[in-house]
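2 protein chains.
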Amino acid sequence: MMRSRSNFVKREFESTERDAGVVIPPEGTNVLFDVWLVSRATFALLDASLAASGLTADEFAIYSVLTSTDAMTPGELARWMSAPLTSMSSYIKRFESRGHITRTANPDDGRSYRIQLTAAGRATHRAAGKLFQPVLDRVEQSLDQPAPTVRDALHSLHRALLAD
Amino acid sequence: MMRSRSNFVKREFESTERDAGVVIPPEGTNVLFDVWLVSRATFALLDASLAASGLTADEFAIYSVLTSTDAMTPGELARWMSAPLTSMSSYIKRFESRGHITRTANPDDGRSYRIQLTAAGRATHRAAGKLFQPVLDRVEQSLDQPAPTVRDALHSLHRALLAD
DNA sequence: GCCATATACTGCGAGTACGTAGTATCATCT
DNA sequence: AGATGATACTACGTACTCGCAGTATATGGC
Numbered sequence: 299m300m301r302s303r304s305n306f307v308k309r310e311f312e313s314t315e316r317d318a319g320v321v322i323p324p325e326g327t328n329v330l331f332d333v334w335l336v337s338r339a340t341f342a343l344l345d346a347s348l349a350a351s352g353l354t355a356d357e358f359a360i361y362s363v364l365t366s367t368d369a370m371t372p373g374e375l376a377r378w379m380s381a382p383l384t385s386m387s388s389y390i391k392r393f394e395s396r397g398h399i400t401r402t403a404n405p406d407d408g409r410s411y412r413i414q415l416t417a418a419g420r421a422t423h424r425a426a427g428k429l430f431q432p433v434l435d436r437v438e439q440s441l442d443q444p445a446p447t448v449r450d451a452l453h454s455l456h457r458a459l460l461a462d
Numbered sequence: 299m300m301r302s303r304s305n306f307v308k309r310e311f312e313s314t315e316r317d318a319g320v321v322i323p324p325e326g327t328n329v330l331f332d333v334w335l336v337s338r339a340t341f342a343l344l345d346a347s348l349a350a351s352g353l354t355a356d357e358f359a360i361y362s363v364l365t366s367t368d369a370m371t372p373g374e375l376a377r378w379m380s381a382p383l384t385s386m387s388s389y390i391k392r393f394e395s396r397g398h399i400t401r402t403a404n405p406d407d408g409r410s411y412r413i414q415l416t417a418a419g420r421a422t423h424r425a426a427g428k429l430f431q432p433v434l435d436r437v438e439q440s441l442d443q444p445a446p447t448v449r450d451a452l453h454s455l456h457r458a459l460l461a462d
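Residue numbers (the numbering used here), protein chains in the order written: chain A, 299 to 462; chain B, 299 to 462.
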């Protein structure tokens, strides 16, 4: 198993204070480094918070996409989340084996197909969402900037990363 | 091998424009979801850009920490980057087998030790840095907000994630 | 229609991340 | 000093990610 990281994260977060002295000089850092740190912290927190639902942070995010759009293809999903198609393939196989998604033919392209969450998949996502929401609320309230400001910065960054 | 993702990423980024239509409604999203998207894009871009150096984005970040601080312990490093200690252990074993780090006794604690980059490790990091810099520059220039503003938002987020 | 090439996806295998369980050292209490 | 518990790290195994190579369908040129 690799899913339930609750132990680790709880332990780590408890001891955060003690390590406050360990600080990397900012002149050695940059935006992308900051992203790295933030994303590590985010994944640690979410994986721990969602563990009981049986979903990882990645999986929860993908399920979230699938609930808010209907019937994407693997390729669309992969490109959209900047993931290799082979990884999407693995995800889909896993989700399908859980009975959480179904494939339906893609009328526009015989090589492809469309993915949809099943009722069980949606239920799992809802359960995970119940664990997710209080965590999100707490993070947003701990921000010392308005959440929309932070989100604007992230969107700007996302556009910059995809631009080329 | 899992390191050289150049092919994939280049292909994916080239086709970004075509998928501009695939947009997730923002009402279904939130700060943490944004972090997820940004971090996926960041890792994809960096793994591809750094592939020739033999370092992944994660590894480059860790090497960067090790160059700007001297002699951290595995535990400090792990907590600081919100990673499980067992993962740090794997990293360290790998880096050591590459001849990129050395362990020296920790005078304060016999259970622990301190890690330092070797000359070879620093050289590898420098080489990766040469690949990294232009990518960073391009991303910063593509930002439609000042880089410090974006970084402030990320720092705020980081503090909020660790707070508790 | 036929061929060449590009695209959508999958099978497989290699390397990786990390949880469980264990060992060694440290800290605290008595 | 000895015992008890906490902490720093590692060995091992499992599940996972993703690159390579392959198959199937689509597309454009002729």
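Yeah, the Cβ is synthetic: ideal placement off N, Cα and C, and Gly gets one too. Predicted, not measured: the structure shown is a model, and the values here were computed from it.
Between the CA atoms of residue j and residue i - distance to the nearest angstrom
i: residue 319(B); j: residue 435(A); result: Note that residue 319(B) has pLDDT 45, beneath the 50 cutoff, so the model's placement of it is unreliable and the number below is only indicative. Between residue 319(B) and residue 435(A), the C-alpha separation is close to 30 Å.
i: residue 410(A); j: residue 452(A); result: 32 Å
i: residue 390(A); j: residue 459(B); result: 30 Å
i: residue 399(A); j: residue 337(B); result: 25 Å
i: residue 372(B); j: residue 457(A); result: 35 Å
i: residue 427(B); j: residue 355(B); result: 11 Å
i: residue 439(A); j: residue 328(A); result: 25 Å
i: residue 383(B); j: residue 374(B); result: 9 Å
i: residue 444(A); j: residue 366(B); result: 32 Å
i: residue 404(B); j: residue 421(B); result: 25 Å
i: residue 379(A); j: residue 334(A); result: 16 Å
i: residue 392(B); j: residue 386(A); result: 27 Å
i: residue 352(B); j: residue 358(B); result: 9 Å
i: residue 450(B); j: residue 330(A); result: 13 Å
i: residue 360(A); j: residue 360(B); result: 28 Å
Buried versus exposed, by CB contacts within 10 Å (16 or more), residue i
i: residue 407(A); result: exposed
i: residue 340(B); result: buried
i: residue 332(B); result: buried
i: residue 446(B); result: exposed
i: residue 424(A); result: exposed
i: residue 402(A); result: exposed
i: residue 388(A); result: exposed
i: residue 397(B); result: exposed
i: residue 348(B); result: buried
i: residue 350(B); result: exposed
i: residue 316(B); result: The predicted position of residue 316(B) is uncertain, since its pLDDT is 43 and thus under 50; a value taken from the coordinates is nonetheless stated next. When all chains shown are included, residue 316(B) counts as exposed.
Continuous alpha helix (DSSP H) stretch holding residue i: start and end
i: residue 403(A); result: Element bounds for residue 403(A): not the alpha helix (DSSP H) but the beta strand (DSSP E), 399-403.
i: residue 469(B); result: Residue numbering for chain B in the displayed model covers 299 to 462; residue 469(B) lies beyond these limits and cannot be assessed.
i: residue 409(A); result: No alpha helix (DSSP H) holds residue 409(A); DSSP gives it neither H nor E.
i: residue 344(A); result: 329-348
i: residue 385(A); result: 383-395
i: residue 355(B); result: 355-366
i: residue 326(A); result: Element bounds for residue 326(A): n/a, residue is neither H nor E.
i: residue 461(B); result: Taken as a continuous stretch (DSSP letters only), residue 461(B) belongs to no alpha helix (DSSP H), as it is neither H nor E.
i: residue 352(A); result: No alpha helix (DSSP H) holds residue 352(A); DSSP gives it neither H nor E.
i: residue 277(B); result: Residue 277(B) is absent from the model: chain B starts at 299 and stops at 462.
Nearest residue (CA-CA) to residue i, options the options
i: residue 432(A); options: 397(A), 343(A) and 335(A); result: 343(A)
i: residue 326(B); options: 396(A), 335(A) and 362(A); result: 362(A)
i: residue 346(B); options: 335(A), 422(A), 381(A) and 358(A); result: 381(A)
i: residue 418(A); options: 404(A), 330(A) and 394(A); result: 394(A)
i: residue 461(A); options: 450(B), 442(B) and 351(B); result: 442(B)
Short Cβ contact (8 Å threshold) for residue i with residue j
i: residue 412(B); j: residue 376(B); result: no
i: residue 448(A); j: residue 454(B); result: yes
i: residue 364(B); j: residue 415(B); result: yes
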